[in-house]
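In order, the protein sequences belong to chains A and B. Mapped onto this note's numbering, the consecutive letters of the first sequence carry residue numbers 77 to 363. Mapped onto this note's numbering, the consecutive letters of the second sequence carry residue numbers 77 to 363.
There are 2 protein chains.
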Amino acid sequence: MINKLVIIGVGLIGGSFALALREAGLVREVAGVGRSAENLSAALGMYVIDTSVTDPAQAVQGADLVLLAVPVGQLDAIMAAIAPYLGANTVVTDVGSTKQDIVALARRHFGTHFPRFVPGHPIAGAEKSGVKAARGDLFRERNVILTPLAETDAAAISLVAQLWQGCGAKVSQMHPAGHDALFAAVSHLPHVLAFSLVDYIASQANAEQLFGFAASGFRDFTRIAGSSPEMWRDICLANRDALLQQLGAYEQELAQIKALIAAGDGAGLEALFGRARDARQKYLKNP
Amino acid sequence: MINKLVIIGVGLIGGSFALALREAGLVREVAGVGRSAENLSAALGMYVIDTSVTDPAQAVQGADLVLLAVPVGQLDAIMAAIAPYLGANTVVTDVGSTKQDIVALARRHFGTHFPRFVPGHPIAGAEKSGVKAARGDLFRERNVILTPLAETDAAAISLVAQLWQGCGAKVSQMHPAGHDALFAAVSHLPHVLAFSLVDYIASQANAEQLFGFAASGFRDFTRIAGSSPEMWRDICLANRDALLQQLGAYEQELAQIKALIAAGDGAGLEALFGRARDARQKYLKNP
Chain A
77 MINKLVIIGV GLIGGSFALA LREAGLVREV AGVGRSAENL SAALGMYVID TSVTDPAQAV
137 QGADLVLLAV PVGQLDAIMA AIAPYLGANT VVTDVGSTKQ DIVALARRHF GTHFPRFVPG
197 HPIAGAEKSG VKAARGDLFR ERNVILTPLA ETDAAAISLV AQLWQGCGAK VSQMHPAGHD
257 ALFAAVSHLP HVLAFSLVDY IASQANAEQL FGFAASGFRD FTRIAGSSPE MWRDICLANR
317 DALLQQLGAY EQELAQIKAL IAAGDGAGLE ALFGRARDAR QKYLKNP
Chain B
77 MINKLVIIGV GLIGGSFALA LREAGLVREV AGVGRSAENL SAALGMYVID TSVTDPAQAV
137 QGADLVLLAV PVGQLDAIMA AIAPYLGANT VVTDVGSTKQ DIVALARRHF GTHFPRFVPG
197 HPIAGAEKSG VKAARGDLFR ERNVILTPLA ETDAAAISLV AQLWQGCGAK VSQMHPAGHD
257 ALFAAVSHLP HVLAFSLVDY IASQANAEQL FGFAASGFRD FTRIAGSSPE MWRDICLANR
317 DALLQQLGAY EQELAQIKAL IAAGDGAGLE ALFGRARDAR QKYLKNP
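Dropping the structure here:
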């Protein structure tokens with residue numbers, strides 16, 4: 077049980093974290109900080125937060141835990157604003173999709189408080205946004221990855237891990253660089269491929285006809301191209317090196333399949349497609 | 077109303093076509109031809125077909141319409157087997173995903189009967205298979221494309237179009253080459269990209285970890301990589317030239333996005349992602 081939780085950015089992720097901890101009886105008081113008065117008012121109405129505060133520096137005073145759940149592009153300013161007001165025992169964590177860049181920011185802004193910053197990434201709920209979509213069960217059975225550094229305080233890590241587990245999440249730890257390489261492959265690369273395909277089709281003279289005859293498979297394949305351009309711009313820039321490496325490796329895979337098609341190598345194509353289908357059935361069939 | 081319909085290949089597509097025409101009261105008798113006795117028996121039990129026949133040459137005698145709904149790889153043998161037994165007024169149509177190759181096959185096998193072959197492609201239901209998945213409403217509001225040639229008989233085209241409309245489908249016509257170019261872009265290319273991505277991830281030393289942390293977006297993106305390797309081998313080979321052209325164009329699009337990422341061009345990335353999201357919302361948001 078913690079006494080005071082501060083959610084900076086009361087959207088889908090921040091709001092669901094607060095709701096889940098409330099439902100689990102793990103938090104006494106929740107203060108919400110945000111830019112949109114309308115969103116904060118909705119959060120108050122949904123009992124996601126108990127109080128709404130405009131100034132993050134004021135909000136964090138006396139907090140046991142501060143959850144940073146704003147878009148990554150705002151973290152620099154938010155960290156600078158709250159750093160001078162963090163109490164000695166206040167733990168700070170975040171929910172960003174990339175970790176090395178956020179660790180670097182935190183190291184710069186938090187100084188001696190840096191050991192009490194626990195970098196985190198819940199793998200959940202990118203397709204909706206805003207507090208109205210928040211749900212207390214959003215993180216149940218979902219993965220949450222923490223990427224602490226050698227100097228991160230063990231008690232701070234333990235607190236954050238326990239709270240996520242209280243939300244029903246499966247918590248694991250890895251190094252920030254390992255995290256970023258992993259998500260470059262299974263998240264950032266597919267997003268870039270989907271955005272590229274839709275942009276490519278949209279740029280054709282007969283785009284309307286092409287989209288008009290696209291079937292449900294195309295719709296599934298391109299669903300992630302409906303994601304926020306701003307968020308994905310930030311992710312691509314933050315994880316540039318790992319993403320470029322993945323793109324290069326994928327280009328080689330594409331060149332290989334293109335060579336099989338050009339050579340009319342039916343056995344090679346069937347083997348490649350079979351490996352893919354089998355891997356998908358093995359690892360992804362039952363969510 | 078037609079008197080005798082022959083379905084060669086009583087699976088999801090062939091079975092659903094028969095069911096839909098029955099429900100619309102547009103067919104008196106349906107004969108089914110297939111290799112699996114178990115599947116034909118299920119089709120009889122579901123009243124999808126009235127009689128099951130082993131020999132396609134025998135089945136097509138006296139038919140008003142023959143629907144070829146077997147995998148494309150079997151069409152060569154089936155066309156050769158039925159060609160000598162087609163009555164002067166029998167119309168033949170198919171459901172293959174590529175059209176130029178099937179038109180060439182039909183031209184070779186059907187000879188003077190070729191004008192009564194109407195090439196067709198219903199855009200529906202790739203994710204399940206077998207007659208047990210057949211439904212009378214499978215084609216409702218779905219696109220069916222006919223790709224007749226200059227010499228194709230107008231009455232034959234009209235019959236096939238009316239029957240598909242009787243199934244609730246939206247029927248349109250285009251040239252076989254135009255069809256194959258269109259589906260190379262919106263179907264064959266995305267399938268190849270999805271198969272490639274899953275094969276690439278599966279080939280990594282930490283594949284299990286990578287798939288383990290993949291989120292729902294990855295699952296959507298790769299759903300089409302669960303499709304039949306044999307079917308997609310045949311499609312890639314049949315539509316080789318158009319697909320290679322699309323792959324080349326897509327590689328250029330990828331090179332462009334890679335250059336934006338390498339240059340740290342946030343504005344360029346956001347513009348590209350925004351174009352993709354807007355196109356998806358405009359054309360694909362409401363199925």
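All C-beta atoms in this analysis are idealised placements derived from N, C-alpha and C, irrespective of residue type, glycine included. Just so we're clear, the structure is a prediction, and the values are computed from it rather than from any experiment.
Can you tell me which of A:H185, A:A156, A:N79, A:R98 puts its alpha carbon nearest to the alpha carbon of N43 (chain A)? Limits of chain A in this structure are 77 at one end and 363 at the other, which puts residue 43 (chain A) out of reach.
Beta carbons nearer than 7 Å to chain B: which residues of the segment 338 to 353 of chain A have them? A338, G340, G342, L345, E346, L348, F349, G350, R351, A352, R353
Return helix, strand or coil for Q137 (chain B), following the three-state DSSP convention. Correct three-state label for Q137 (chain B): coil.
Shorter than 8 Å from the beta carbon of E327 (chain B) to some beta carbon of chain A? Judged by the 8 Å Cβ criterion, E327 (chain B) is in contact with chain A.
So if DSSP puts I84 (chain A) in a beta bridge, which residue, or which two residues, is it bridged to? A:V109, A:L144
Am I right that T223 (chain B) and H264 (chain B) are in contact with their C-beta atoms under 8 Å? What's the rounded C-beta distance? Actually they are not in contact, since the Cβ atoms of T223 (chain B) and H264 (chain B) sit about 16 Å apart, beyond 8 Å.
Run through chain A and tell me which residues come within less than 7 Å of A312 (chain B), C-beta to C-beta. According to the sequence shown, residue 312 (chain B) is Cys rather than Ala. Ordered by position in chain A, the residues that pass the 7 Å Cβ test against C312 (chain B) are I337, L345.
Taking the CB atoms as reference points, tell me whether A100 (chain A) and G196 (chain A) lie closer together than 8 Å. no
Report the CB separation of F294 (chain B) from P266 (chain A) in whole angstroms; it is logged as a contact under 8 Å. That pair is a contact at about 6 Å.
Residue-level contact to chain C via CB, N219 (chain A), 8 Å cutoff: Among the chains of the structure shown, chain C does not appear; the protein chains present are A and B.
Helix, strand or coil, according to DSSP, for L102 (chain A) in the structure here? Here DSSP, grouped into helix, strand and coil, assigns L102 (chain A) to coil.
Closer than 8 Å, CB to CB, is F271 (chain A) near chain B or not? yes
Please tell me whether W240 (chain B) has its Cβ less than 8 Å away from any Cβ of chain A. no
Assigned secondary structure, N115 (chain B) (DSSP; H/G/I helix, E/B strand, else coil): helix
Could you tell me the alpha carbon to alpha carbon distance between M307 (chain B) and R111 (chain B), rounded to whole angstroms? Distance between the alpha carbons of M307 (chain B) and R111 (chain B) is about 17 Å.
How big is the Cα-Cα spacing for S303 (chain B) and G254 (chain B)? 24 Å
Check whether chain A comes within 8 Å of L286 (chain B), counting only Cβ atoms and requiring the distance to be less than that. yes
Own chain partners of A156 (chain B) with C-beta closer than 6 Å, once the 5 adjacent residues on each side are dropped: If we look at A156 (chain B) and ignore the five residues flanking it on each side, its Cβ neighbours are H185.
Please classify A119 (chain B) as buried or exposed, where buried requires at least 16 other C-beta atoms within 10 Å of its C-beta. buried
Roughly how many whole angstroms lie between the Cα atoms of A96 (chain A) and A245 (chain A)? 10 Å
Host alpha helix (DSSP H) of S198 (chain B) (start-end): Note that residue 198 (chain B) is Pro in the sequence shown, not Ser. Where P198 (chain B) is concerned, there is no enclosing alpha helix (DSSP H), although the beta strand (DSSP E) it sits in stretches over 196 to 198.
Chain B contact residues for G87 (chain A), given Cβ-Cβ distances below 9 Å: Result: empty, since nearest Cβ-Cβ is about 17 Å, beyond 9 Å.
Beta-carbon contacts of A270 (chain B) that lie in its chain and below 6 Å, excluding the five residues immediately before and after: In chain order, T298, I300, A301 place their CB closer than 6 Å to the CB of A270 (chain B), counting only its own chain and leaving out the 5 sequence neighbours on each side.
In this structure, how does DSSP classify V171 (chain A) when only helix, strand and coil are distinguished? coil
Who are the neighbours of S263 (chain B) on chain A, taking C-beta pairs under 8 Å? A290, A291, G293, F294
Enclosing alpha helix (DSSP H) for K334 (chain A) [first to last residue]: If you look at K334 (chain A), you'll find it in the alpha helix (DSSP H) that goes 316 to 338.
Is the beta carbon of L151 (chain B) closer than 8 Å to that of V168 (chain B)? no
Give the secondary structure of I233 (chain A) by DSSP, where H, G and I count as helix, E and B as strand, and everything else as coil. helix
By DSSP's criteria, K246 (chain A) is part of a beta bridge. Which residues make up the other side? Note: K246 (chain A) sits in a beta bridge opposite A:N219.
DSSP state of T127 (chain B), grouped into three classes? Here T127 (chain B) sits in strand by DSSP.
Residues that G302 (chain B) contacts on chain A, provided the C-beta gap is smaller than 9 Å: A352, R353, R356, Q357, L360, K361
Taking 8 Å as the cut-off, decide whether the C-beta atoms of F364 (chain B) and N219 (chain A) are in contact. Shown here, chain B extends from 77 to 363; a query on residue 364 (chain B) therefore has no answer.
Proximity below 8 Å, CB of V268 (chain A) to CB of I333 (chain B): yes
Assuming the contact rule is C-beta atoms closer than 8 Å, D296 (chain A) and A352 (chain B) should be a hit. Round their C-beta distance to whole Å, please. Not a contact, Cβ separation roughly 15 Å.
Neighbour-count burial assignment, T127 (chain A), 16 or more Cβ in a 10 Å radius: exposed
Could you spell out the range, first to last residue, of the alpha helix (DSSP H) harbouring S369 (chain A)? Summary: the structure shown does not reach residue 369 (chain A), with chain A confined to residues 77 through 363, and so no result is reported for it.
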